[in-house]
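> Quick one: structure below, then a few questions.
In this note's numbering, the protein residues as written are 745 to 1307.
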């Protein structure tokens, strides 16, 4: 565990126990240990467990059991915090806390409200997260949607843990792709001008396919009547820019609908317009990291583990995409960002080693650059895969998925598995109002508690503050288990932020919702003949609702009051 109220108290107590053991000459502690707590799999093994004694055994030249006994003897003196401390072979220290220590969690949740789970783990870090960055040559598909959800959730997590975060979209608008886009649209325009109205016929290989190309062609023809245009190859670049603007406008609109807002949209062409690309290569040449061979310029990425050096400027004078990436990431660092996080599709995994080498060449440590890879999304309907082919222009867009299942379901489903593993997105399940639907299950926990409060008000019951209730009324094992689950939330947030794994939050919310629904089903909350018990349970329910709402906010999912 880490930054939660309980873990902070236990960590402090363990530090004090180690200090006393050192002062008394019972332990040398030449190297101070890192303290990690686990939650035992079985309740009878205590609330928390630590293996600190095992980690100290080699340095102390004693058995883990002996060391654990020494530490436990000092912990047992803290009778305000611990109910009992047990040592289990080969050297586990199992800790059972006083019940009133757990009640402090409810006070903390009430006090912090929407800030519960926040920390300063990444305080004073200025972090740039670049994500989506889809080429402006076609609409966003479901894979882009998953990357968008992951990138935005990472930004929310890192902000919640104290970082100053900026979200950025990088527009690849240099190179042949825009001209190819223009040629694709141009061919549809020429077909129309020639009286060929079959816009479904495949275009030649290498051109962009799909209905969106025909739609852009129609828009171009409407804004450029036949008498004002010359439908020749020279139009390709102009039409490409026209098409890029339409596509990127639609991309921005899709992302707005998906509740994704970028702080900066960075266009690749500005790196060339401002001389940043050549300036970056000149700076690296001055360090003797860029050299010329076979009339091309190369970056010596093999110095830092890449399997070969990489071309940055071809013999014909054209810069490579890698040259743009070098300049772009140098520009990021020059803007004062201390950490760079790129959210990329998993098909870019082979590109990562050269990027890490480039970071070293620029003079920065490897830990200042991270890539979060996002695997493919396969859509499933009626138990069968939805056929998609990017080459043929047949793919399901993010907008289509949002229209079918809703933004909340789409975001939650994109985030409920590790992003580096493939995702089967069951469209039917995402629309189902049942406990089998994970997002419905979690949102219903929030709505169910909101409904409970409404019923309480109708019956003349108020939800008092923690200080006004007798928390010892919460004597059921399920109630203590719920409180312990709430206590885990700050750790879940900090660990998710450290590991760049937002799916941990989705997992946690499903577990918390399951505990809430089970408790709600078994026990009556509102009892007119037991006002003290009712008040205590309402306080517990409000705490659960707060944590569910906070967790959903991290994922960018709403917390409805009714369903």
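Glycine included, each C-beta is placed from N, C-alpha and C at the ideal position. Quantities reported herein were computed from a predicted structural model and do not represent experimental measurements.
Taking the alpha helix (DSSP H) that residue 759 belongs to, which residues open and close that run?
749-767 is the span of the alpha helix (DSSP H), which, as asked, contains residue 759.
> In the structure shown, what three-state DSSP assignment does residue 1054 receive?
Strand.
> I think residue 1049 touches residue 1101, with their Cβ atoms under 8 Å apart; what is that distance to the nearest whole Å?
About 6 Å; that satisfies the 8 Å criterion.
> Report the three-state DSSP secondary structure of residue 840 (helix, strand or coil).
Reduced to three states, the DSSP call for residue 840 is strand.
> Could you work out which residue in 1182, 1198, 1007 is closest to residue 1172 when comparing CA atoms only?
Comparing Cα-Cα distances from residue 1172 to each of 1182, 1198, 1007, the minimum goes to 1182.
> Judging by CA-CA distance, which residue of 790, 813, 791, 1302 is the nearest neighbour of residue 801?
It is 813 whose Cα lies nearest to the Cα of residue 801.
> Would you mind stating whether residue 1311 and residue 1275 have Cβ atoms separated by less than 7 Å?
No information on residue 1311 is available, as it lies outside the stretch 745 to 1307 that the chain covers here.
> Is residue 1149 helix, strand or coil by DSSP?
Of the three classes helix, strand and coil, the one that applies to residue 1149 here is helix, per DSSP.
> Please report how far the alpha carbon of residue 746 lies from the alpha carbon of residue 1233, in whole angstroms.
Confidence is the limiting factor: at residue 746 the pLDDT is only 38, short of 50, which leaves the residue's position unreliable and the question unanswerable from this model.
> What is the DSSP secondary structure of residue 1088, reduced to helix, strand or coil?
In this structure, residue 1088 counts as strand in the three-state DSSP scheme.
> By the DSSP assignment, the beta strand (DSSP E) with residue 1004 in it spans what residues?
Segment: none, residue 1004 is in no beta strand (DSSP E) and carries neither H nor E.
> Are the Cβ atoms of residue 758 and residue 792 separated by less than 7 Å?
The answer is no: Cβ separation not under 7 Å.
> Among the residues of its own chain, which have a CB less than 8 Å from the CB of residue 1293, if the five just before and after it don't count?
If we look at residue 1293 and ignore the five residues flanking it on each side, its Cβ neighbours are 858, 1190, 1303.
> The beta strand (DSSP E) that contains residue 783, what's its start and end?
Where residue 783 is concerned, there is no enclosing beta strand (DSSP E), given that its DSSP letter is neither H nor E.
> So, at 7 Å on beta carbons, what are the nonlocal neighbours of residue 689 in its own chain, with the 5 sequence-adjacent residues on each side left out?
The requested residue 689 is not part of the displayed model; the chain covers only 745 to 1307.
> If you scan the stretch 802-837 from start to end, which runs of the beta strand (DSSP E) of 3 or more residues do you find wholly inside it?
DSSP runs (the beta strand (DSSP E)) wholly in the stretch 802-837: 826-832.
> Between which residues of its own chain and residue 1203 is the CB-CB distance below 8 Å, once the five residues before and five after are set aside?
Closer than 8 Å at the Cβ level, and outside the excluded window around residue 1203, lie 1270, 1272.
> Just the Cα atoms here: how many angstroms apart are residue 1185 and residue 1194?
Straight-line Cα distance between these residues: approximately 14 Å.
> Taking the alpha helix (DSSP H) that residue 1017 belongs to, which residues open and close that run?
Looking at the DSSP string, the run of the alpha helix (DSSP H) that includes residue 1017 is 1013-1017.
> Which word fits residue 1268, buried or exposed, when buried means at least 16 other C-beta atoms lie within 10 angstroms of its C-beta?
Flag for residue 1268 reads exposed.
> What does the Cβ neighbour count give for residue 775, buried or exposed, with the cut at 16 atoms within 10 Å?
It counts as exposed.
> How about the stretch 1042-1062 and the stretch 1073-1081: do they share at least three Cβ pairs that are nearer than 8 Å?
Too few Cβ pairs lie closer than 8 Å, so no.
> Considering only DSSP beta bridges, list what residue 1169 is partnered with.
DSSP output for residue 1169 lists 1123 as bridge partner(s).
> Taking the Cβ atom as the reference point for each residue, do residue 1164 and residue 1117 lie within a distance shorter than 7 Å?
Result yes, Cβ atoms of residue 1164 and residue 1117 sit closer than 7 Å.
> Less than 7 Å between the C-beta atoms of residue 827 and residue 842, yes or no?
Yes, they are a contact pair.
> Tell me whether the beta-carbon of residue 910 lies closer than 7 Å to the beta-carbon of residue 872.
In this structure, residue 872 lies closer than 7 Å to residue 910 by Cβ.
> Is residue 777 near residue 754, with beta carbons less than 7 Å apart?
Against a cut-off of 7 Å, the Cβ pair of residue 754 and residue 777 comes out as no contact.
> Helix or strand or just coil, what does DSSP make of residue 874?
Looking at residue 874 - three-state DSSP - the assignment turns out to be strand.
> Exposed or buried, residue 1086, counting other C-beta atoms within 10 Å across all chains shown (16 or more means buried)?
Buried, since its Cβ has 16 or more Cβ neighbours within 10 Å.
> Got a sec? Which residues, its chain only, sit under 7 Å from residue 1084 by beta carbon, not counting five neighbours each side?
Excluding sequence neighbours, residue 1084 sits near 872, 1073, 1076, 1112, 1113.
> Give me whichever residues DSSP pairs with residue 1037 in a beta bridge.
Note: residue 1037 sits in a beta bridge opposite 1040.
> With respect to the alpha helix (DSSP H) encompassing residue 1293, which residues constitute its N-terminal and C-terminal limits?
Note, residue 1293: alpha helix (DSSP H), 1275-1299.
> Looking at the secondary structure, which residues open and close the beta strand (DSSP E) in which residue 794 lies?
Run containing residue 794: 792-794, per the beta strand (DSSP E) assignment.
> Look up residue 911 in the DSSP assignment and give the residues it is bridged to.
Answer is 873.
> Return yes when the C-beta of residue 1143 is under 6 Å from any heavy atom of the ligand MN, and no when it is not.
Questions concerning the ligand MN fall outside what the structure shown contains, since it holds no ligand whatsoever.
> Secondary structure at residue 1128, three-state DSSP: helix, strand or coil?
If DSSP states are grouped into helix, strand and coil, residue 1128 belongs with the strands.
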